[in-house]
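Peer 1: Structure in structure tokens, see below.
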Amino acid sequence: MSASTSQHQRIAVIGLGSMGYGMATSLKRAGHAVTGCDVSADAVARFVKDGGAGAATPAEAAKGADIVVSVVVNAAQTETILFGKGGVAETLPDDSVFISSATMDPDVARRLARQLEATGRHYLDAPISGGAQRAAQGELTILASGSAAAFAKARPALDAMAAKLYELGDAAGQGAAFKMINQLLAGVHIAAASEAMAFAAKQGLDIRKVYEVITASAGNSWMFENRMPHVLDGDYTPRSAVEIFVKDLGIIQDMARSARFPVPVSAAALQMFLMTSAAGMGRDDDASVARMYAQVTGVKLPGDK
1 MSASTSQHQR IAVIGLGSMG YGMATSLKRA GHAVTGCDVS ADAVARFVKD GGAGAATPAE
61 AAKGADIVVS VVVNAAQTET ILFGKGGVAE TLPDDSVFIS SATMDPDVAR RLARQLEATG
121 RHYLDAPISG GAQRAAQGEL TILASGSAAA FAKARPALDA MAAKLYELGD AAGQGAAFKM
181 INQLLAGVHI AAASEAMAFA AKQGLDIRKV YEVITASAGN SWMFENRMPH VLDGDYTPRS
241 AVEIFVKDLG IIQDMARSAR FPVPVSAAAL QMFLMTSAAG MGRDDDASVA RMYAQVTGVK
301 LPGDK
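If you count the sequence shown from 1, position 139 lands on 139 in my numbering, and the numbers rise without skipping.
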């Protein structure tokens, strides 16, 4: 695709949450004509105020679009955006591409792709990683799979949103499967980091010094380094909520059961996220697993009343 056409794509972004808003902003900054759509009218109004266009429904947003980027939480929301009343499939032009960023079971990604491709449009399975800040900077990691035509159509948007684009296969489902392996590790690492930090507090250790030592030692992980400052600050404002890992580790269990493959470590991590959610912290930051340990064991963490 030539540079001139890549600079003038009509792109709809469905879902203007912390990730989607940053992605929409990155697309606009790259010179594309971007229309935002969200269940929150306030989010759409904010995007319009920032110089984008707004739409009330996915169908309205997708009308005349070259590319639709869907940035919602799960497969059910993605399916509604595609095929529900007022959905993208009602208006998306032939030969346009739908980029699906939700984390979902690979089998569902394959089914949604088949349904959309049967109507003459393209589907790119493209889960994302990197967080809200990298989304706003256009520096996400995108784990994508789909047909050559889907990649070609999606390329201008991918270039604007990603620092790293992994092309992982020629059909939907591969991107989703890679993302689930990442989520298995991410969930286990958060649960392990939370367990370690609460256990350190139980030992009477200075947990700020624990953080300093572990981040310079072999026991460190990206999630320990990234999430444990939330525990140190007693700040559980959700950057990524507990419920995300209830969902994603649940998908891992479903996939593993179907494959007759044992996943005992991620199963244990899922139980910790479920317990944290059951204790009323499901919408809080996923580092709240440490708070759940503290509540069960009588440990004091920063911010405890």
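Just so it is clear, CB atoms sit at the ideal spot from N, CA and C, and this is done for glycine as well.
Considering only C-alpha positions, which residue in the set Thr103, Ile14, Gly54 and Leu27 is nearest to Arg155?
Peer 2: Leu27
Peer 1: Tell me where the alpha helix (DSSP H) around Gly51 begins and ends.
Peer 2: Taken as a continuous stretch (DSSP letters only), Gly51 belongs to no alpha helix (DSSP H), as it is neither H nor E.
Peer 1: Please state whether DSSP places Phe261 in a helix, a strand or coil.
Peer 2: coil
Peer 1: Could you tell me which uninterrupted beta strand (DSSP E) segments, each at least 3 residues in length, are contained entirely in the region 18 to 45, listed from first to last along the chain?
Peer 2: Complete beta strand (DSSP E) runs here, min 3: 33 to 37.
Peer 1: For the beta strand (DSSP E) containing Thr297, list its first residue and its last residue.
Peer 2: Counting along the chain, Thr297 falls outside any beta strand (DSSP E), though it belongs to the alpha helix (DSSP H) covering Ser288 to Thr297.
Peer 1: In this structure, does DSSP put Lys164 in helix, strand or coil?
Peer 2: strand
Peer 1: Count the other CB atoms, across all protein chains shown, that sit within 10 Å of the CB of Gly280; report buried if there are 16 or more and exposed otherwise.
Peer 2: Exposed is the call here.
Peer 1: Quick check: Ala201 and Val299, are their CB atoms within less than 8 Å of each other?
Peer 2: yes
Peer 1: Can you list, in chain order, the residues of its chain whose CB lies under 6 Å from that of Ile73, leaving out five sequence neighbours each side?
Peer 2: Note on residue identity: the sequence assigns Val, not Ile, to residue 73. For Val73, same chain residues with a beta-carbon under 6 Å away, outside a window of 5 residues either side, do not exist.
Peer 1: For Pro127, is the classification buried or exposed, using 16 other Cβ atoms within 10 angstroms of its Cβ as the cut-off for buried?
Peer 2: Classification of Pro127: buried, given that the 10 Å Cβ count is 16 or more.
Peer 1: Quick check on Ala172: does DSSP put it in helix, strand or coil?
Peer 2: coil
Peer 1: On the DSSP letters alone, give me the boundaries of the alpha helix (DSSP H) that Leu116 sits inside.
Peer 2: Pro106 to Glu117
Peer 1: Are Ser100 and Thr78 close, meaning C-beta to C-beta below 8 Å?
Peer 2: yes
Peer 1: Given a cut-off of 8 Å, decide if Asp304 and Pro238 are closer than it, judged by their beta-carbon atoms.
Peer 2: Contact flag unset, no.
Peer 1: Using the Cβ count rule (16 or more neighbours within 10 Å means buried), how would you classify Gln183?
Peer 2: buried
Peer 1: Measuring CA to CA, which of Phe224, Asp254 and Gly15 is closest to Ser40?
Peer 2: Gly15
Peer 1: Could you pull out every residue in the same chain whose Cβ sits closer than 6 Å to the Cβ of Ala102, ignoring the five residues on either side in sequence?
Peer 2: Val72, Asn74 and Thr78
Peer 1: Contact between the region 242 to 257 and the region 162 to 169 is defined here as three or more beta-carbon pairs at a separation below 8 Å; is this criterion met?
Peer 2: no
Peer 1: Here's the rule: buried if 16 or more other CB atoms are within 10 angstroms of the residue's CB, otherwise exposed. What is Ser297?
Peer 2: It should be pointed out that residue 297 corresponds to Thr in this sequence rather than to Ser. Label assigned to Thr297: exposed.
Peer 1: Tell me which residue opens and which closes the alpha helix (DSSP H) that Asp233 is part of.
Peer 2: Trp222 to Asp233
Peer 1: Going by the C-beta, is Gln271 closer than 7 Å to any heavy atom of the ligand MN?
Peer 2: In terms of ligand content, the structure shown is empty, and the ligand MN therefore cannot be addressed.
Peer 1: Starting from the C-beta of Ala306, find all residues in its chain whose C-beta is less than 8 Å away, skip the five residues before and the five after it, and write them out in chain order.
Peer 2: The structure shown does not extend to residue 306, since the chain is modelled only from 1 to 305, so the question has no answer here.
Peer 1: On the premise that Gly130 lies in contact with Arg29, defined as a C-beta separation below 8 Å, what is that separation, rounded to the nearest angstrom?
Peer 2: Incorrect: roughly 16 Å between the Cβ atoms, too far for contact.
Peer 1: Take Ala53 and list the residues in its own chain whose beta-carbon comes closer than 6 Å to its own, dropping the five residues that flank it on each side.
Peer 2: Thr35
Peer 1: Going along the chain, which residues of its own chain have a beta-carbon closer than 7 Å to the beta-carbon of Ile207, five neighbours each way excluded?
Peer 2: Met197, Ala200, Ala201 and Leu232
Peer 1: Using C-beta distances below 6 Å, list every residue in its chain close to Ala55, excluding the 5 sequence neighbours before and after it, in chain order.
Peer 2: Thr35, Cys37 and Ala61
Peer 1: Between the region 169 to 178 and the region 142 to 154, do three or more beta carbon pairs fall short of 8 Å?
Peer 2: yes
Peer 1: So for Ser145, helix, strand or coil by DSSP?
Peer 2: Three-state DSSP puts Ser145 in a strand.
Peer 1: Could you give the DSSP three-state label for Val13: helix, strand or coil?
Peer 2: In this structure, Val13 counts as strand in the three-state DSSP scheme.
Peer 1: Where do the ends of the beta strand (DSSP E) carrying Val68 lie?
Peer 2: In the DSSP assignment, Val68 falls within the unbroken beta strand (DSSP E) covering Ile67 to Ser70.
Peer 1: Assuming Ala176 and Asp235 make a contact with CB atoms under 8 Å, what is their CB distance in whole Å?
Peer 2: Contact doesn't hold; Cβ gap of about 32 Å is too wide.
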